[in-house]
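*Asks:*
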Amino acid sequence: MRPGRTRPRPTSCARVTRVHSAWKPRRRRGGPPTTAPPTTAPRNRVTRRSVMRSRFAAASVALALVAALAGCATIPSSGGVHAGRSQTAADALDLDLVASMPRAGADQLQILQGFIDAATDPRNNYYVARQFLAPGFADAWDAYAGATVDDATDRDYQPTGDEQMVVQATPAAALLPNGQWEPAASSAAIPLSYTFTQVEGEWRISEAPPGLLIDAFDFARVYSTHTLYFFDPGFRYAVPDVRWFAGREAVQTSIVRALLEGPADWLEPGVVSAFPEGSRLEADTVPIVAGVADVDVDAVAEDTRTVQRMEVQLELSLESVRSVQRGVRLSLNGAVQDVPESTSTPTVNPRVDSQPVAFDGERFGHLDDGVVVPIEGLSDQVAALAPTAASLGSGEDTAVVLADGVWRVDADSETAQLDPRDGLIAPALDSLGVVWSAPADAPDQVVVYGPAGDDTAEGRQVPAPWTGGRLVALQVSRDGTRVIALLADGARTRFVAAAVERDDNGIPTAVGPAVLQLAEVPGTPLDAAWLDDRTVAALSATDAGTRLTTQVLGAPSSGDAGPVDGRTLVGGNAEREVRVLTATGDLWGRSGVGWQVQATGLLFLATQQPR
Numbered sequence: 012m013r014p015g016r017t018r019p020r021p022t023s024c025a026r027v028t029r030v031h032s033a034w035k036p037r038r039r040r041g042g043p044p045t046t047a048p049p050t051t052a053p054r055n056r057v058t059r060r061s062v063m064r065s066r067f068a069a070a071s072v073a074l075a076l077v078a079a080l081a082g083c084a085t086i087p088s089s090g091g092v093h094a095g096r097s098q099t100a101a102d103a104l105d106l107d108l109v110a111s112m113p114r115a116g117a118d119q120l121q122i123l124q125g126f127i128d129a130a131t132d133p134r135n136n137y138y139v140a141r142q143f144l145a146p147g148f149a150d151a152w153d154a155y156a157g158a159t160v161d162d163a164t165d166r167d168y169q170p171t172g173d174e175q176m177v178v179q180a181t182p183a184a185a186l187l188p189n190g191q192w193e194p195a196a197s198s199a200a201i202p203l204s205y206t207f208t209q210v211e212g213e214w215r216i217s218e219a220p221p222g223l224l225i226d227a228f229d230f231a232r233v234y235s236t237h238t239l240y241f242f243d244p245g246f247r248y249a250v251p252d253v254r255w256f257a258g259r260e261a262v263q264t265s266i267v268r269a270l271l272e273g274p275a276d277w278l279e280p281g282v283v284s285a286f287p288e289g290s291r292l293e294a295d296t297v298p299i300v301a302g303v304a305d306v307d308v309d310a311v312a313e314d315t316r317t318v319q320r321m322e323v324q325l326e327l328s329l330e331s332v333r334s335v336q337r338g339v340r341l342s343l344n345g346a347v348q349d350v351p352e353s354t355s356t357p358t359v360n361p362r363v364d365s366q367p368v369a370f371d372g373e374r375f376g377h378l379d380d381g382v383v384v385p386i387e388g389l390s391d392q393v394a395a396l397a398p399t400a401a402s403l404g405s406g407e408d409t410a411v412v413l414a415d416g417v418w419r420v421d422a423d424s425e426t427a428q429l430d431p432r433d434g435l436i437a438p439a440l441d442s443l444g445v446v447w448s449a450p451a452d453a454p455d456q457v458v459v460y461g462p463a464g465d466d467t468a469e470g471r472q473v474p475a476p477w478t479g480g481r482l483v484a485l486q487v488s489r490d491g492t493r494v495i496a497l498l499a500d501g502a503r504t505r506f507v508a509a510a511v512e513r514d515d516n517g518i519p520t521a522v523g524p525a526v527l528q529l530a531e532v533p534g535t536p537l538d539a540a541w542l543d544d545r546t547v548a549a550l551s552a553t554d555a556g557t558r559l560t561t562q563v564l565g566a567p568s569s570g571d572a573g574p575v576d577g578r579t580l581v582g583g584n585a586e587r588e589v590r591v592l593t594a595t596g597d598l599w600g601r602s603g604v605g606w607q608v609q610a611t612g613l614l615f616l617a618t619q620q621p622r
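Below is the structure:
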């Protein structure tokens with residue numbers, strides 16, 4: 012967007028619960044009012060069992076709130092660069108936590124608890140929190156080194172000397188310095204050491220771990236999601252990379268700095284950036300003047316097209332900053348760029364047909380009012396194979412089906428078997444026409460098949476970053492840059508995402524090697540699907556029925572009950588468009604706060620690719 016053009020601001024779902032910024036919480040969980048530092052340790056043990064129940068219930072509620080904010084923060088929209096997402100939930104809620112200064116005569120415990128509390132206020136470079144630190148350490152403490160997210164009610168403060176104290180914290184998640192969210196790898200407590208000294212007769216902290224220790228409830232109020240954007244290697248799609256940043260003051264600087272540093276490690280092999288490696292902000296700040304973000308980058312662009320792509324990345328990545336209303340002014344090494352309007356912009360959140368695709372035993376096609384409408388040129392060929400699963404290509408002239416192996420069905424050519432192996436899971440067909448196939452009992456034996464005529468049409472095995480267990484589902488994102496895999500591994504389930512690395516012809520050469528660990532999926536895993544460009548879901552069977560676990564990549568997960576006897580699922584264009592098929596052939600979709608039957612007599616649902 013050129014500077015001076017007003018960008019429409021879509022309405023966030025969080026706006027319905029808007030809270031005026033003048034509201035201040037009167038009491039913090041696990042401690043005294045925020046108007047004064049705590050006077051005693053915030054623990055109140057009754058029995059270990061009751062404390063554990065309280066702890067996990069509180070942590071679950073807090074992380075559910077964080078997940079809700081992540082999901083509500085940005086409503087998916089389609090189209091080119093100007094069809095951006097809505098403002099963040101934090102912007103919509105306007106919440107501020109105001110920290111209290113150190114109190115005269117406070118003891119070590121009060122100073123430590125006051126410091127941890129004050130670190131929830133990021134304004135003015137954590138000014139209040141630094142008042143709890145000794146003069147020689149106040150400037151050295153790195154508040155931006157990430158965060159440990161925990162439950163404040165379960166912290167244990169242990170003096171280890173006259174001037175030392177250790178806080179035992181049970182992590183629920185971690186935030187990396189670049190804003191990436193990571194679920195806790197273990198529930199084991201971590202020790203955080205603090206050292207004290209006296210400054211003019213008052214206790215101050217002289218040594219502390221870098222970064223923040225923050226309660227999950229406070230995290231949900233202090234941090235908000237912002238989506239960075241990179242490109243697929245062909246520059247057809249804008250690929251999201253969700254991050255978390257504290258506060259609203261100068262958040263645009265944090266966003267641009269993270270964008271220039273590049274994508275998350277797990278995502279890096281599958282995407283590209285218009286900014287060359289090593290790019291950085293010239294002035295280490297991004298001022299906003301009259302609604303225009305003034306971004307000056309120390310970088311060189313090869314041509315005008317590269318400059319246009321730089322501007323696109325900035326426009327999309329700053330879409331969540333409500334004060335950026337009139338676009339971006341891009342400078343390279345101090346020279347303002349006169350960027351012409353691009354005639355080709357990447358697709359944001361590619362959409363599929365809103366009508367699901369299904370097979371009823373005789374017809375393969377879109378559902379219209381509960382009836383399968385055959386796809387001309389494909390339906391009869393698909394039905395002739397008596398398939399048990401299928402994926403429909405972007406032009407609706409190609410499908411891949413599972414029927415005694417994996418087959419490619421083309422409207423204008425003969426049906427051909429691609430993968431004859433036994434025990435295959437439902438195949439995937441990506442937006443570049445590549446077929447993905449793997450056996451359930453050999454999860455790392457993933458083979459891809461290029462389009463007809465390509466030298467990989469006979470199959471190429473690609474390295475996969477998972478081994479062992481049983482592969483339940485493998486699905487490719489609609490932009491072709493990522494995959495999700497759902498695996499049953501004994502008593503536990505693994506749900507992961509990984510990047511797809513491709514050659515110059517768009518054929519995958521590897522998956523990973525790094526993976527993004529997704530939500531813990533309870534019970535027996537059944538199926539997984541992409542719901543939009545950054546949201547995934549897994550269906551599982553539990554003793555209570557079925558469970559649908561939903562997650563924005565890079566954010567906490569949420570879960571709720573699924574339809575009784577659900578077996579497979581497919582996504583639409585939003586989280587509420589997910590559909591679940593039961594073992595008896597009933598198709599269920601969201602309706603209000605529950606589920607409603609939308610069709611009956613179906614054998615399977617097919618995944619779709621953007622048209």
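When we follow this note's numbering, the leftmost residue of the sequence shown carries the number 12, and every step to the right adds one.
Ideal Cβ placement from N, Cα and C applies to all residues, glycine included.
Since this is a predicted model, take the numbers as computed values, not measurements.
Over what stretch of residues does the beta strand (DSSP E) that includes P194 continue unbroken?
*Replies:* Start and end: 192 to 194.
*Asks:* Going by C-alpha distance, which of S342, T409, E322, G302 is nearest V308?
*Replies:* V308 has its Cα closest to that of S342, out of S342, T409, E322, G302.
*Asks:* What number of angstroms, rounded off, separates the C-alpha of P533 from the C-alpha of E272?
*Replies:* One C-alpha to the other measures close to 36 angstroms.
*Asks:* Between the stretch 545 to 554 and the stretch 293 to 306, can you find at least three pairs of beta-carbon atoms closer than 8 angstroms?
*Replies:* Counting Cβ pairs under 8 angstroms, fewer than three are found: no touch.
*Asks:* Within the 8 angstroms Cβ cut-off, does A149 reach chain B?
*Replies:* Structure shown: chain B not included; a single protein chain is present.
*Asks:* Between the beta-carbon of G628 and the beta-carbon of D500, is there less than 8 angstroms?
*Replies:* Outside the displayed range of the chain (12 to 622) lies residue 628, so it cannot be described from this structure.
*Asks:* If L403 and Q619 are in contact, beta carbons under 8 angstroms, what's the gap, nearest whole angstrom?
*Replies:* Confirmed, about 5 angstroms.
*Asks:* Does the stretch 502 to 519 touch the stretch 485 to 493, meaning 3 or more C-beta pairs lie closer than 8 angstroms?
*Replies:* Yes, the stretch 485 to 493 touches the stretch 502 to 519.
*Asks:* Is it the case that the stretch 399 to 413 contacts the stretch 467 to 481, given that we only count it when at least three CB pairs across the two stretches are under 8 angstroms?
*Replies:* They do not touch, by the three-pair rule.
*Asks:* Short of 6 angstroms in beta carbon distance, which residues of its chain neighbour A223, apart from the five on each side in sequence? Order them along the chain.
*Replies:* In the sequence as presented, Ala is not what sits at residue 223; that position holds Leu. These residues qualify, in order along the chain: A130, A158.
*Asks:* For R39, count neighbouring C-beta atoms within 10 Å of its own C-beta (all shown protein chains included) and say buried if the count is 16 or more, exposed if not.
*Replies:* Confidence at R39 is low in this model, with a pLDDT of 35, below 50, so its placement is unreliable and no value can be given for it.
*Asks:* Do E293 and G345 have their beta-carbon atoms positioned less than 8 angstroms apart in this structure?
*Replies:* Contact flag set, yes.
*Asks:* Comparing alpha-carbon positions, which option in V446, D543, F370 lies nearest V473?
*Replies:* Per the Cα distances, V446.
*Asks:* For the stretch 180 to 199 and the stretch 132 to 139, state whether three or more C-beta atom pairs, one from each stretch, are separated by less than 8 angstroms.
*Replies:* Because the criterion of three Cβ pairs below 8 angstroms is not met, the stretch 180 to 199 and the stretch 132 to 139 do not touch.
*Asks:* My guess is that I216 and F148 are in contact by the Cβ rule of under 8 angstroms, so how many angstroms apart are they, rounded?
*Replies:* The pair is a contact, with the Cβ atoms about 7 angstroms apart (cut-off 8 angstroms).
*Asks:* Give me the residue from G125, D162, L592 with the minimum Cα distance to A400.
*Replies:* That would be L592, whose Cα lies nearest to the Cα of A400.
*Asks:* Give a yes or no on contact between the stretch 308 to 321 and the stretch 529 to 543, applying the rule of three or more CB pairs nearer than 8 angstroms.
*Replies:* Result no; under three Cβ-Cβ pairs closer than 8 angstroms.
*Asks:* Output the boundary residues of the beta strand (DSSP E) element that contains F242.
*Replies:* Here the beta strand (DSSP E) through F242 covers 234 to 242.
*Asks:* So, at 7 angstroms on beta carbons, what are the nonlocal neighbours of L187 in its own chain, with the 5 sequence-adjacent residues on each side left out?
*Replies:* Taken in chain order, the residues that qualify are G157, E193.
*Asks:* Which of helix, strand or coil does DSSP assign to L271?
*Replies:* Helix at L271.
*Asks:* Of all the alpha helix (DSSP H) runs that stay within the bounds of the stretch 106 to 163, which reach a length of 4 or more residues?
*Replies:* Listed in chain order, the complete alpha helix (DSSP H) runs (minimum 4 residues) inside the stretch 106 to 163 are 119 to 129, 134 to 141, 146 to 149.
*Asks:* For G404, which three-state DSSP category applies?
*Replies:* DSSP places G404 in coil when its eight states are reduced to three.
*Asks:* Would N584 and R432 qualify as a contact pair, given that the criterion is a beta-carbon distance under 8 angstroms?
*Replies:* Against a cut-off of 8 angstroms, the Cβ pair of R432 and N584 comes out as no contact.
*Asks:* Could you tell me the alpha carbon to alpha carbon distance between A552 and P536, rounded to whole angstroms?
*Replies:* Roughly 7 angstroms between the two C-alpha positions.
*Asks:* If G190 sits next to R254, beta carbons under 8 angstroms apart, how far is it from one beta carbon to the other, in whole angstroms?
*Replies:* Indeed they touch by this definition, with Cβ atoms about 3 angstroms apart.
*Asks:* Within 8 angstroms, do at least three Cβ pairs link the stretch 570 to 583 to the stretch 257 to 273?
*Replies:* With a cut-off of 8 angstroms, the stretch 570 to 583 and the stretch 257 to 273 do not count as touching, because too few Cβ pairs lie within range.
*Asks:* May I ask which residues mark the beginning and end of the beta strand (DSSP E) holding T317?
*Replies:* No beta strand (DSSP E) contains T317, which is instead part of the alpha helix (DSSP H) from 315 to 328.
*Asks:* Residue range of the alpha helix (DSSP H) that A395 falls in?
*Replies:* Element bounds for A395: 390 to 395.
*Asks:* Around the Cβ of E352, are there at least 16 other Cβ atoms within 10 angstroms (buried) or fewer (exposed)?
*Replies:* It is exposed - the Cβ of E352 has fewer than 16 other Cβ atoms within 10 Å.
*Asks:* Since V547 sits in a beta bridge, which residues does DSSP pair it with?
*Replies:* According to DSSP, which records beta bridges pairwise, V547 is partnered with W541, Q562.
*Asks:* Assuming L498 and A439 form a contact by the criterion Cβ under 8 angstroms, report the distance between their Cβ atoms to the nearest whole angstrom.
*Replies:* The pair is not a contact, with the Cβ atoms about 15 angstroms apart (cut-off 8 angstroms).
*Asks:* Which value, in whole angstroms, describes the spacing of the CA atoms of T264 and N135?
*Replies:* T264 and N135: Cα-Cα distance of roughly 14 angstroms.
*Asks:* Quick check on the burial criterion: 16 or more other C-beta atoms within 10 angstroms. Buried or exposed for R166?
*Replies:* Classification for R166: buried.
*Asks:* If you follow the beta strand (DSSP E) that D421 is part of, which residue opens it and which one closes it?
*Replies:* Where D421 is concerned, the enclosing beta strand (DSSP E) stretches over 417 to 421.
*Asks:* Name the two residues that bound the continuous beta strand (DSSP E) containing I518.
*Replies:* Unbroken run through I518: none, as it is neither H nor E.
*Asks:* Nearest to R333 by CA position, among V303, G573, S284, is which residue?
*Replies:* Looking at the Cα atoms, V303 is the closest of the given residues.
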